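Reading the sequence shown from the start, the letters are residues 998 to 1424 in the working numbering.
Here a beta-carbon is modelled for each residue, glycine too, at the ideal position from N, C-alpha and C.
Please read all numbers here as calculations on a predicted model, not as lab measurements.
Notes for the one structure printed next.
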Amino acid sequence: MSVQIEETGPVERKLRIEIPTAEVDAAFDQVYRGMKQAARIPGFRKGKVPHSVVQRYFGERARGEVLERVVQESLGKALDGSGLDVIGEPRIDPQSLPSEGEPYAYEALVDIRPTIELQKVRGLEVPEPELPEPEQDPIEAHLEHLRLQQAQVLEEVEGVAAARGHLAVIDYDAGVEGQPFEGGAGKETVVELGEGRAIPGLEDELLGLTVGQTRDFDLQLPESYPAEAAAGKTARFSVKLVGLKRRELPDLDDDFAKDVSDFADLEELRASLRERLGQSRGQERERRLREAVIDAALAANPFPVPETLVERQLHSRISRAAQQLQQLPEEQLRELVGSWREEWRPAAERDVRMALLVPAIQQAEGIEVSDEDVDEQISELAKEQDESLAQLKRKYREQGVLESLRHGLVERRVVDFLVAEATVSNR
C-alpha cells in the first residue's frame, strides 16, 4: 500500500491511497467465496455454483463489497502512518470501483488539528459586564406577582363597564371575507384586559362593554396568526360580553408575608428577596464576564478552523432545536431551520474554536483534571439524581459520557484560569 499526502488547505489534507493488485484480488476472492456459499441460482446446488457464474450474477455487487473491504482495511493504517493529527471523520472519494487484476486507488479528505501558537492568555482585557437595569423594582414586582397569585376572583357588580384590569368572559365569532377560520369562534373565553395577550386591538374593543352587550368590529390578524388562511387578513368579529370579573388583591402587610412565606413579617420577606436578587445579579455578572473573557481569548489567539467541524456543530444545534418543535407545520419548521443555519453559524464556529483552544491552554498552563475531580463531579450529580456514585459512574461509563464530563471540567478550569488572569476595566 502506498500513501501520498497533499495539502489542500490550512487544516485539510488529501490522502491518495493505492492498494496493490495482490491485495485487491485477495479481497475479491474473499467476497466471491462468501457469495458462493450463500448464492441460490437455478440449476446449481447451494455452495456448488462455479466461480464464473458467481462473477456473472454478482460482479457489480462484489466490486462494491470489495471497495468497502479495502477501504476499511487500508484507511486506518494509512492514517496511522501519515503522522497527521486527524480530527473528525474522513470523507472518502472512491472515484471508481475496484476491478480484479488491477491495483486500486482512492482518495480521502481529512481535517487536521490546527497548530495553535498561543499569543496571549494572561492579562486579557475585558470591560466590566453591564447588567440591564429593570424597568421596575424587581422586589416590588415579585411581591405584586405573589399578590396576584393569592388574589380572589370575584364577579363584578351588575352594570359595571369593562375596564383595564378586568377579566372579560366573551362569546365570539369571526370570519374573513364572510368565511369562518380555525380559532375564529369561542365560548366563555377569558380575556384579561390591559395585558396585551389577545389579538392586537381586541382588548381595546371590549372596553366599555357591560355584561350582555355585543359589539361588531374589524381587526387585522397578525402575520403570525396560527391559521395560515387567515394570517395577515382583516377579520370581522362579533363579540358578546357574557361575564365580567375582577381580582381582589390581599393587602401587602405582615399577614400576607406569613401566608406566602416562612418569614415573620413583610420586611424579612423583602430582605430575603433582596438577597436572592443580589445573588442572581452576581451570577449573571459572572456569566457575562466569562463569555467576554472567552471572546477575548479567541480574538487574541486566531487559528484556522476545519469547516466540517463547524458544519457538524451547527447541524447538532439545529437538530436539537428542531426535535423540540416537531409539532410545527413542516413548511414552517423548514423555514426556521433555514434561518437558523445563518443565525447560528457564528455561535457554532465559536464553540468549535473554544473546543480546540482549550487543550492548547490546558497544556501550556499545566491545568489538570484528576480522576478524583471527575468522581467529585459525578458525586454531586448522583446526589441530585438520588443515585449512588458507583451506580451513576457505571451508567456514564456505559453511555460513553465520562470523557465528555472530563472535557467539560477541563474547559471550566481553563475559563476559571482566564478569568482569574484577566484585567477587568470600567467602561
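K1237 is bridged by DSSP to D1168 and T1211. Taking 8 Å as the cut-off, the Cβ atoms of G1172 and G1181 count as close.
Between A1232 and L1204, the CB-CB gap reaches or exceeds 8 Å. Around the Cβ of H1163, a 10 Å sphere holds 16 or more other Cβ atoms; the residue is buried. In this structure, V1123 sits away from P1095, with a CB-CB distance that is not shorter than 8 Å. The DSSP assignment places complete beta strand (DSSP E) segments of no fewer than 3 residues inside the segment 1087-1156 at 1101-1109, 1122-1124 and 1149-1152, in order along the chain. Of G1120, G1073, E1125 and V1063, the smallest CA-CA separation from G1098 is found for V1063. Contact between A1195 and V1187 is ruled out by a C-beta separation of about 10 Å, above the 8 Å threshold. Beta bridge pairing from DSSP links L1012 with I1002 and A1105.
Between the segment 1143-1152 and the segment 1228-1247 there are three or more C-beta pairs closer than 8 Å, enough to call the two in contact.
Contact between I1167 and V1239 holds, with the beta-carbon distance rounding to 6 Å and staying under 8 Å. Taking a 10 Å sphere around the C-beta of R1271, we find fewer than 16 other C-beta atoms and assign the residue as exposed. For E1179, the uninterrupted beta strand (DSSP E) segment begins and ends at Q1176 to E1189.
By DSSP's assignment, S1422 forms a beta bridge with P1124. With a contact defined as Cβ atoms closer than 8 Å, P1303 and V1008 qualify at about 5 Å. Under the rule that a run must span 4 or more residues, the alpha helix (DSSP H) segments found entirely inside the segment 1237-1282 read 1251-1257.
Counting other Cβ atoms within 10 Å of its Cβ, K1390 reaches 16 or more and is therefore classed as buried. For A1318, the enclosing alpha helix (DSSP H) has its first and last residue at E1304 to Q1321. Linking V1236 to G1229 through their CA atoms gives a straight-line distance of about 20 Å. The Cβ atoms of T1018 and P1100 sit closer than 8 Å to each other. The secondary-structure analysis by DSSP pairs V1083 across a beta bridge with I1109. Excluding its 5 nearest sequence neighbours in each direction, A1024 has C-beta neighbours in its own chain below 7 Å: V1063, R1066 and V1067, listed in chain order. Collapsing the DSSP output to three states places V1398 in coil. At a Cβ-Cβ threshold of 8 Å, P1126 and A1294 do not count as neighbours. Your pair D1108 and T1305 checks out as a contact, with CB atoms roughly 6 Å apart and the cut at 8 Å.
Contact between the segment 1335-1343 and the segment 1357-1372 is not established, with fewer than three Cβ pairs separated by less than 8 Å. By the Cβ test, the segment 1404-1419 is in contact with the segment 1346-1359, since at least three Cβ pairs between them sit closer than 8 Å. Going by DSSP, I1196 is part of no alpha helix (DSSP H) at all; its letter is neither H nor E.
If you look at A1361, you'll find it in the alpha helix (DSSP H) that goes R1342 to E1362. Rounded to whole angstroms, E1192 and L1199 show a C-alpha spacing of 11 Å. The C-beta distance from L1190 to A1165 rounds to 6 Å, short enough to meet the 8 Å contact threshold.
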